[in-house]
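Anchor point for the sequence shown: position 153 equals 153 in full-length UniProt numbering, and the numbering is continuous, going up by one each time.
Where a beta carbon is used, it is the ideal one built from N, C-alpha and C, also for glycine.
First comes the structure, then the notes that go with it.
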Amino acid sequence: MGFQFELIGFPIKHSISPWIHEQFFKRSKLQGTYIKNEIDLEADFAERIMNMKAKEIDGFNITVPYKQKIIPFLDELDVIAQKMGAVNTVVNRNGIWKGYNTDGRGYLRSLESKFSNFGHDKSIRILILGAGGAARGIFCAFTEERFMHIDIANRTMASAEDIAMLATDDTTTKILSLEEAEQSINQYDLIIQTTSVGMKPRTDQSIISLEGLNKPVIVSDIVYQPLKTNFLMQAEAACAQIHFGHTMLLYQAQLAFEIWTGQRVSTENMDEELQLILEGR
Ligand code: ATR
Numbered sequence: 001m002g003f004q005f006e007l008i009g010f011p012i013k014h015s016i017s018p019w020i021h022e023q024f025f026k027r028s029k030l031q032g033t034y035i036k037n038e039i040d041l042e043a044d045f046a047e048r049i050m051n052m053k054a055k056e057i058d059g060f061n062i063t064v065p066y067k068q069k070i071i072p073f074l075d076e077l078d079v080i081a082q083k084m085g086a087v088n089t090v091v092n093r094n095g096i097w098k099g100y101n102t103d104g105r106g107y108l109r110s111l112e113s114k115f116s117n118f119g120h121d122k123s124i125r126i127l128i129l130g131a132g133g134a135a136r137g138i139f140c141a142f143t144e145e146r147f148m149h150i151d152i153a154n155r156t157m158a159s160a161e162d163i164a165m166l167a168t169d170d171t172t173t174k175i176l177s178l179e180e181a182e183q184s185i186n187q188y189d190l191i192i193q194t195t196s197v198g199m200k201p202r203t204d205q206s207i208i209s210l211e212g213l214n215k216p217v218i219v220s221d222i223v224y225q226p227l228k229t230n231f232l233m234q235a236e237a238a239c240a241q242i243h244f245g246h247t248m249l250l251y252q253a254q255l256a257f258e259i260w261t262g263q264r265v266s267t268e269n270m271d272e273e274l275q276l277i278l279e280g281r
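Spelled out as structure tokens, the structure:
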């Protein structure tokens, strides 16, 4: 029968994850299914989760709005998921459900796959723009890897302070306003845009202006609708190396598949295919 994986969340009709995992099954030669299990009513959540326990499925992804709500149903939590207070991947190991969060580590992998030297120098200066769930995941993954300088800029500075509290001893973090970030933009080697600003249909927007940028740094945007956001266009105009957001989807899925099956499946050529699918939307 093979592996039984599911995706739960709402809305998930347009999720790209089933396509990604279908490719992973083909590439790994493992048998299995990955199906969408939409839970539109929060009131049904507990019952639907108990049904999944009874079915003994092997693993599942969990997305908005249930990433926190799943935690009381789990037996164990991975350290990053615990820090984040949010789970996107659950594995069933002999009836024990363990929760992970692969978003931040997946994001790191996407950078490593694009920039071969990335990660060797832990003293690079990193700026995270935004302080929502995505920023939290990325911050935790970077601190786990002992990057030394990670600043956070956000419209609401208190949310950035909350994330900074998750830092380990190896990391120093400064909190900035968006205006301050704009002014000190040339202090950074890697700039990561984690908010929804610039997403379709408001594609003319950008969280900050990169007009003052004059260094060939890496600029990354986790928005992938459109692939090349206004923010990335400004980065390109400043001769920065740009990194597209959709690759985070690919690598968080690769890591989930690895947690479930023990196999790290190659993502070769999937980036381009995924781009075509997303551009067709
Ligand atoms: P997610 O969990 O997907 O990261 P989120 O928790 O809604 O999404 O986080 C959204 C982030 O985008 C926050 O940092 C938010 O800033 P605030 O904390 O000040 O709300 C930021 N954001 C969203 N819209 C914004 C806008 N128009 N200008 C500036 N920041 C914005």
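- Where do the N-terminal and C-terminal ends of the alpha helix (DSSP H) with V90 fall, by residue? Taken as a continuous stretch (DSSP letters only), V90 belongs to no alpha helix (DSSP H), being part of the beta strand (DSSP E) at 89 to 93.
- Query: Quick one: what does DSSP say Q205 is sitting in, helix, strand or coil?
  - Reply: DSSP, reduced to helix, strand and coil, places Q205 outside both helices and strands of the structure shown, so it counts as coil.
- Contact under 7 Å by Cβ, residue 289 with N154: Residue 289 lies beyond the residue range present for the chain, which begins at 1 and ends at 281; the question has no answer from this structure.
- Query: When the distance is taken between beta carbons, is V265 closer than 7 Å to A240?
  - Reply: At the C-beta level, A240 and V265 stay beyond 7 Å of one another.
- Task: Alpha carbon to alpha carbon, how far is S159 from H21? Give it in angstroms, no decimals.
- Result: H21 and S159 have their alpha carbons spaced roughly 34 Å apart.
- For K83, which three-state DSSP category applies? DSSP places K83 in helix when its eight states are reduced to three.
- Message: Quick check on Y66: does DSSP put it in helix, strand or coil?
- Response: In the displayed model, Y66 falls within coil according to three-state DSSP, outside both helix and strand.
- Taking 6 Å as the cut-off, does the CB of T156 come closer than this to any heavy atom belonging to the ligand ATR? Remark: the shortest separation between the CB of T156 and any heavy atom of the ligand ATR falls under 6 Å.
- Query: For T203, which option in Q225, L190, L210 has the closest C-alpha, if you only look at C-alpha atoms?
  - Reply: The candidate whose alpha carbon is nearest that of T203 is Q225.
- Query: Tell me which same chain residues have a C-beta within less than 6 Å of the C-beta of L108, skipping the five on either side of it?
  - Reply: Shown here for L108: same chain residues with a beta carbon closer than 6 Å to its own, the five before and five after excluded, namely A141 in chain order.
- Inspect the beta-carbon positions of Y100 and I259 and report whether they are closer than 7 Å. Against a cut-off of 7 Å, the Cβ pair of I259 and Y100 comes out as a contact.
- Message: What does the alpha-carbon distance come out to for the pair L77 and A253?
- Response: Taken atom to atom, the span from the alpha-carbon of L77 to that of A253 is near 18 Å.
- Item | Helix, strand or coil at F60 according to DSSP, with G and I counted as helix | Strand at F60.
- Item | Among L190, L41, F73, nearest to K53 - alpha-carbon criterion | The candidate whose alpha carbon is nearest that of K53 is F73.
- Query: Quick one: is H21 near chain D, going by C-beta distance under 7 Å?
  - Reply: No chain D appears in this structure, which consists of one protein chain only.
- Query: Excluding five sequence neighbours on each side, which residues of the same chain lie with their C-beta closer than 8 Å to the C-beta of G85?
  - Reply: The answer, listed in chain order, is Q68, I71.
- Starting from S220, follow the alpha helix (DSSP H) in both directions and report where the run begins and ends. Per DSSP, S220 belongs to no alpha helix (DSSP H); it is in the beta strand (DSSP E), 218 to 221.
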